[in-house]
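Chemist: Chains as they are written, first to last, in the working numbering: chain A, 1 to 289; chain B, 1001 to 1238. Glycine is no exception: its CB is placed at the ideal position from the N, C-alpha and C atoms. Predicted, not measured: the structure shown is a model, and the values here were computed from it. One structure coming up, written as C-alpha cells, with questions to follow.
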C-alpha cells in the first residue's frame, strides 16, 4: 500500500488539502492520528474515516495514537529482530552486539505493551521491507543492510531519532488519558536513550559520518543527520528536517541570558522537535509493503 | 570555607552560573568542601512563611516553576563541572559535559524567559544550591551525580506531563516539556555509558518503559539534598 497515495487521493478531491491541513492544526492532528490504522484498514474505509477526521469535528482518539505508536514499534522491533544475529551484526564488538540486543528487547517489549493495552483494537503488524522498496522482494536503497554493520547503525539511528520525534508529536492528543500519556512519555524517553547510544556507537565507528557534520553527538545538532548514505540520503534527511529550530515559544535561545556559549548548535541541541504523523508516514512509507 | 554573603550579582542571568564561574578559583581548591554556592536572594514575595519554602505555585505556571527549579539545579551543577574539571577528564568527556552545560543553561534561561512572559509575578527566584556532597575533583563523584540528576530529570518530566492542563497554553507547555525531556534522556544515556558502557537504558521495566515516574513531591525530596532553598510543591496540580 502506498500511504502517500492516500494524500494524493484527497488532493484530487480537495486541491487545497495541504493548505487546509496547515491552517487547521487540529484537523491535521486528527489526520495524523489515523495513520496507524491505515496500514490495516481498507483504502475506502481509511479515506472515509480520514475525511471525517480531517474535516469534521470528530476528536482524534487515544486509540488512534497508540496504534500509530504500535506501527512504529512494529517497525523498530522487526528491524532489530532482523539485524541481531545477522552477518553485519556479527562483525561488531561484543559491546555493540549487547547494546543492539538490549534495544531489540526494549522495542519488542514496547510492541507487547501497546498490543496489550489496545487489545482487539490493535492494528496488525504490517509487512516490512527494510531495503526501502515497499516490496516483498526488496531491492531498495538499503539492500544488503543485513551484511553491513555501518548501514545497520545508520538505519537504527534514523529509526530511533524518528521515533523520538514521532512520539513527541502525539503527546497533546493523549491528554485525555493520563495513563496513556505517561506510558507514551516513558516509551519516548527510552527511544531517546537508544538514540543517544546508537549515536555514540556511530561516532566510535566513524563510518558514513559527513565530515562537515562531525563530531557526531548523542544529541541532534541543527538538522544534521550525521549520516552519509547517498542511495537514500533525501529520505534519511527527512528525519532531521526542522531540528534546527532555535526559537522556542517565541524565545530566541541563542545567547539567552547573555550566555554566549549558547550558539545555534547548542540552542538546537537543547530541544528535540516533534514530527507530525504526516512527516513520519513519509519517512517510514518506503519500509512498509 | 565561610559562607558567602547573599548577593544579587549585576547582570545576573539566573544566578548560579555566573556566580559559580566567579568562584572558580576558590572552588578549585575547596574541593568537596565547596559547599554552598549562593545565588541571589531566597527571600522574596513567593516565600511561604507557613512552611518556609518558596511556593512553586499552582496550575501550569507551577509546573513551569517546578521545571525551572530542576533546570537551575542541573545548570548550576554542570557549570561547576565545566569550571573545575575533574581529575583526568578526557577530551571527549570535556566536550560532552560542556555540551550538556550549554543545554542545561539554555533550559534554565528558557524557563526564566517563558515564565517571566507568562506570569511575571509568579516566577520563583534563583535558588541556592548545596553541592557539599559532591567532590568536583572526582570523576566518580561527578558522573554519579550527573546520572542521578539526569535520571531524576527524566522521571520528573515523565511524571509532570500528566499534570499539565489541556488548555491551549497547556498544550504548548506539554510540547515544550516533551522537547526537553528527550534531551535529558539523551544526556542520561550518555552519562550512564560514561560510567559503564551499555547501561544507557537500564532504567526500563519489563514493558520497556522508562522508570521510575516521579511525582513532584518525590522529585523534590531527592533534589532537596542539593538545594539550600526550600521549595513548597504543595500547590502544584496532582
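(1) With a CB to CB cut of under 7 angstroms and the five nearest residues on each side skipped, what residues in its chain are close to residue 1100 (chain B)?
(2) With a threshold of 16 other CB atoms inside 10 Å of the CB of residue 178 (chain A), please say whether the residue is buried or exposed.
(3) Does any residue of chain A have a CB that is nearer than 9 angstroms to the CB of residue 1123 (chain B)?
(4) Looking at the C-beta of residue 85 (chain A), does it have a partner C-beta in chain B at a distance below 9 angstroms?
(5) So who's on the other strand from residue 252 (chain A), going by DSSP bridges?
(6) Is there a Cβ from chain A that is less than 9 angstroms from the Cβ of residue 1066 (chain B)?
(7) According to DSSP, is residue 117 (chain A) part of a helix, a strand, or is it coil?
(8) Quick test of the definition: if touching needs 3 or more C-beta pairs under 8 angstroms, does the region 1127-1141 of chain B touch the region 266-275 of chain A?
(9) Using DSSP with H/G/I as helix, E/B as strand and the rest coil, what is residue 1178 (chain B)?
(10) Between which two residues does the beta strand (DSSP E) holding residue 1054 (chain B) run?
(11) Quick check on the DSSP output: the alpha helix (DSSP H) that includes residue 1064 (chain B) runs from which residue to which?
(12) In this structure, does DSSP put residue 128 (chain A) in helix, strand or coil?
(13) Since residue 1226 (chain B) contacts residue 1073 (chain B) with CB under 8 angstroms, what's their CB separation in whole angstroms?
(14) With 16 other CB atoms within 10 Å as the buried threshold, where does residue 1177 (chain B) fall?
(15) In chain A, what lies closer than 7 angstroms to residue 1162 (chain B) by C-beta?
(16) Which value, in whole angstroms, describes the spacing of the CA atoms of residue 266 (chain A) and residue 1102 (chain B)?
(17) State the beta-bridge partners of residue 288 (chain A) as determined by DSSP.
(18) Residue 190 (chain A) versus chain B: which residues are under 9 angstroms apart at the beta carbon?
(19) What does the Cβ neighbour count give for residue 1219 (chain B), buried or exposed, with the cut at 16 atoms within 10 Å?
(20) Are any of the Cβ atoms in chain B nearer than 9 angstroms to that of residue 78 (chain A)?
(21) Can the beta-carbon of residue 169 (chain A) be found closer than 9 angstroms to that of residue 71 (chain A)?
(22) Could you tell me whether the Cβ of residue 1217 (chain B) comes closer than 9 angstroms to any Cβ of chain A?
(23) Let me know the secondary structure DSSP gives residue 1163 (chain B) once reduced to three states.
(24) Candidates B:1192, B:1203, B:1158 and B:1200: which alpha carbon is nearest residue 1181 (chain B)'s?
(25) Give the DSSP bridge partners of residue 1210 (chain B), in chain order.
(26) Three-state secondary structure (DSSP) at residue 237 (chain A)?
(27) With burial defined as no fewer than 16 other Cβ atoms inside 10 Å of the residue's Cβ, what is the status of residue 1163 (chain B): buried or exposed?
(28) Return the CA-CA distance between residue 230 (chain A) and residue 154 (chain A), expressed in angstroms with no decimal places.
(29) For residue 256 (chain A), which residues of its own chain have a beta-carbon under 7 angstroms away from its beta-carbon, when the five flanking residues on both sides are left out?
(30) Using a threshold of 9 angstroms, state whether the C-beta atoms of residue 1148 (chain B) and residue 1108 (chain B) are closer than that.
(31) State the DSSP-derived secondary structure class of residue 64 (chain A), mapped to helix, strand or coil.
(32) Counting Cβ pairs closer than 8 angstroms, one from the region 216-225 of chain A and one from the region 237-244 of chain A, do we hit at least three?
(33) Taking just the CA atoms, how far does residue 1212 (chain B) sit from residue 1059 (chain B)?
(34) Just to confirm, is the Cβ distance from residue 129 (chain A) to residue 287 (chain A) under 9 angstroms?
(35) Counting C-beta neighbours from all protein chains within 10 Å, is the total for residue 136 (chain A) 16 or more, i.e. buried, or is it exposed?
(36) When DSSP labels each residue in this structure, what does residue 1232 (chain B) get in the three-state scheme?
Modeler: Taking the definition as stated:
(1) Taking the second chain and counting its residues from 1, the one referred to as residue 1100 (chain B) is at position 100. Cβ neighbours of residue 1100 (chain B) beyond the five flanking positions: 1078 and 1187.
(2) Residue 178 (chain A) sits at position 178 when you count from the first residue of the first chain. Result: exposed.
(3) Here residue 1123 (chain B) is taken as the residue at index 123 of the second chain, counted from 1. Closer than 9 angstroms: no.
(4) What you label residue 85 (chain A) is simply residue 85 of the first chain in a count that begins at 1. Not closer than 9 angstroms to any Cβ of chain B, the Cβ of residue 85 (chain A) fails to qualify, so no.
(5) Counting from one through the first chain, the residue named residue 252 (chain A) turns up at place 252. DSSP output for residue 252 (chain A) lists A:247 as bridge partner(s).
(6) Stepping through the second chain from its first residue, residue 1066 (chain B) is reached at position 66. Not closer than 9 angstroms to any Cβ of chain A, the Cβ of residue 1066 (chain B) fails to qualify, so no.
(7) Stepping through the first chain from its first residue, residue 117 (chain A) is reached at position 117. Helix at residue 117 (chain A).
(8) No contact exists between the region 1127-1141 of chain B and the region 266-275 of chain A.
(9) To locate residue 1178 (chain B), count along the second chain from 1; it is residue 178. For residue 1178 (chain B), the secondary structure class from DSSP, reduced to helix, strand or coil, is helix.
(10) Translated into positions along the second chain, residue 1054 (chain B) becomes position 54. Run containing residue 1054 (chain B): 1053-1055, per the beta strand (DSSP E) assignment.
(11) Residue 1064 (chain B) sits at position 64 when you count from the first residue of the second chain. Start and end: 1059-1083.
(12) In the first chain, residue 128 (chain A) corresponds to position 128, counting from 1. Residue 128 (chain A) falls in the strand class under three-state DSSP.
(13) Here residue 1226 (chain B) is taken as the residue at index 226 of the second chain, counted from 1. Here residue 1073 (chain B) is taken as the residue at index 73 of the second chain, counted from 1. About 6 angstroms separates the two Cβ atoms, so the contact holds.
(14) Translated into the one-based positions of the second chain, residue 1177 (chain B) becomes position 177. Label assigned to residue 1177 (chain B): buried.
(15) The residue labelled residue 1162 (chain B) in the question sits at position 162 within the second chain. Ordered by position in chain A, the residues that pass the 7 angstroms Cβ test against residue 1162 (chain B) are 178, 181 and 182.
(16) As a working note, residue 266 (chain A) is residue 266 in the first chain. As a working note, residue 1102 (chain B) is residue 102 in the second chain. One C-alpha to the other measures close to 6 angstroms.
(17) Within the first chain, numbered from 1, the residue matching residue 288 (chain A) stands at position 288. DSSP lists A:128 as the bridge partner or partners of residue 288 (chain A).
(18) As a position in the first chain, residue 190 (chain A) is number 190, starting the count at 1. Under the 9 angstroms cutoff, chain B gives 1185, 1201, 1203, 1204, 1208, 1209 and 1210.
(19) Along the second chain, one-based indexing puts residue 1219 (chain B) at 219. So residue 1219 (chain B) ends up on the buried side.
(20) Indexing the first chain from 1 puts residue 78 (chain A) at position 78. No, residue 78 (chain A) does not count as interfacial toward chain B.
(21) Taking the first residue of the first chain as position 1, residue 169 (chain A) is located at position 169. Taking the first residue of the first chain as position 1, residue 71 (chain A) is located at position 71. No. Outside cutoff.
(22) Walking along the second chain from the start, residue 1217 (chain B) turns up at place 217. Not an interface residue.
(23) Sequence index remark: in the second chain, residue 1163 (chain B) carries index 163 (1-based). Three-state result, residue 1163 (chain B): helix.
(24) The residue you call residue 1181 (chain B) lines up with position 181 of the second chain. Taking only the C-alpha atoms, the option nearest residue 1181 (chain B) is B:1158.
(25) To locate residue 1210 (chain B), count along the second chain from 1; it is residue 210. Answer by DSSP bridge pairing, in chain order: B:1204.
(26) Within the first chain, numbered from 1, the residue matching residue 237 (chain A) stands at position 237. Under the three-state reduction of DSSP output, residue 237 (chain A) falls in the helix class.
(27) Here residue 1163 (chain B) refers to the residue found at position 163 when the second chain is read from its first residue. Classification for residue 1163 (chain B): buried.
(28) Residue numbering aside, residue 230 (chain A) sits at position 230 when the first chain is read from its first letter. Residue numbering aside, residue 154 (chain A) sits at position 154 when the first chain is read from its first letter. Cα-Cα distance, rounded: 12 angstroms.
(29) Along the first chain, read from residue 1 onward, the residue named residue 256 (chain A) stands at position 256. Apart from the 5 residues on each side of it in sequence, residue 256 (chain A) sits with its Cβ closer than 7 angstroms to the Cβ of 262 in its chain, given in chain order.
(30) In the second chain, counting from the first residue as 1, residue 1148 (chain B) sits at position 148. In the second chain, counting from the first residue as 1, residue 1108 (chain B) sits at position 108. No; because the gap between Cβ atoms is not below 9 angstroms, this pair is not in contact.
(31) The count along the first chain starts at 1 and reaches residue 64 (chain A) at position 64. Shown here, residue 64 (chain A) sits in a helix according to DSSP, grouped into three states.
(32) yes
(33) Numbered from its first residue, the second chain carries residue 1059 (chain B) at position 59. Numbered from its first residue, the second chain carries residue 1212 (chain B) at position 212. Just so you know, the alpha carbons of residue 1059 (chain B) and residue 1212 (chain B) end up roughly 23 angstroms apart.
(34) Along the first chain, one-based indexing puts residue 129 (chain A) at 129. Along the first chain, one-based indexing puts residue 287 (chain A) at 287. In this structure, residue 287 (chain A) lies closer than 9 angstroms to residue 129 (chain A) by Cβ.
(35) Position 136 of the first chain holds residue 136 (chain A). It is exposed - the Cβ of residue 136 (chain A) has fewer than 16 other Cβ atoms within 10 Å.
(36) As a first step, residue 1232 (chain B) is located in the second chain; it is residue number 232 there, counting from the start. Three-state DSSP puts residue 1232 (chain B) in a strand.
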